[in-house]
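Under numbering that gives the first Met the number 0, the first residue of the sequence shown is numbered 0, with each subsequent residue one higher.
Using N, Cα and C, we set each Cβ at its ideal position, and we do this for glycine too.
A quick note: this is a predicted structure, and the numbers were derived from the prediction, not measured.
A quick write-up on the structure given underneath.
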Amino acid sequence: MIQPHAEGVILFLHIQPGASTTEVAGLYGDSLKIRVHAPPVDGKANKALLDFLTKLFDVPRSRVQLLKGETGRKKSVLIRGISLPAAKAVLPEK
Numbered sequence: 000m001i002q003p004h005a006e007g008v009i010l011f012l013h014i015q016p017g018a019s020t021t022e023v024a025g026l027y028g029d030s031l032k033i034r035v036h037a038p039p040v041d042g043k044a045n046k047a048l049l050d051f052l053t054k055l056f057d058v059p060r061s062r063v064q065l066l067k068g069e070t071g072r073k074k075s076v077l078i079r080g081i082s083l084p085a086a087k088a089v090l091p092e093k
């Protein structure tokens with residue numbers, strides 16, 4: 000779900016595009032499930048995901064980077080400049 004990194008933390012995510020709202024939806028196996036309102040077309044869902052994480056963690060967009068999973072539901076995202084305890088405090092405990 001979340002792992003420390005030299006530059007911040009890495010989130011392991013399972014994305015559900017085309018949902019009614021964009022929100023954290025709990026756990027999905029060993030990943031954090033996030034529902035994204037945008038459809039999985041032309042990178043819209045990825046952009047919506049990164050924008051959502053920017054707001055959720057209150058960091059500049061330049062600190063949020065998609066590492067893996069550009070075309071799939073399983074994604075790895077690096078959030079720079081945030082500690083593991085700070086990241087865990089932001090995420091809901093579901």
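If distances are taken between C-alpha atoms only, which option among the options comes closest to residue i?
i: P16; options: H36, F51, P84, L90; result: H36
i: F11; options: T21, L48, A18; result: L48
i: I9; options: K43, L77, V89, P84; result: L77
i: Y27; options: H13, T21, P39, V40; result: H13
i: S61; options: S19, I81, I33; result: I81
i: G42; options: I33, T70, T21; result: T70
i: L66; options: N45, V58, S19; result: N45
i: P39; options: A18, V58, Q64; result: A18
i: A5; options: A86, R79, Q64; result: R79
Would you kindly report the start and end of the unbroken alpha helix (DSSP H) that includes residue i?
i: A24; result: From DSSP, A24 is part of no alpha helix (DSSP H) but of the beta strand (DSSP E) over 22–27.
i: L83; result: 83–89
i: A5; result: Premise fails: A5 is in no alpha helix (DSSP H) and is neither H nor E.
Can you give me the Cβ contacts of residue i inside the same chain, cut-off strictly under 8 angstroms, excluding the 5 residues immediately before and after it?
i: P91; result: V23, G25
i: D29; result: M0, F11
Quick one: what's got a C-beta closer than 7 angstroms to residue i's C-beta in the same chain, skipping five residues either side?
i: G68; result: K74, S75
i: V89; result: L55, F56
i: R72; result: H13, I14
i: T21; result: R34, V35, H36, A47, F51
So residue i and residue j are in contact, right, with Cβ under 8 angstroms, and what is the actual spacing, rounded?
i: P3; j: L83; result: 5 angstroms
So the beta strand (DSSP E) residue i belongs to, where does it begin and stop?
i: S19; result: That residue, S19, is in no beta strand (DSSP E); it is neither H nor E in DSSP.
i: S61; result: Unbroken run through S61: none, as it is neither H nor E.
i: V76; result: 73–79
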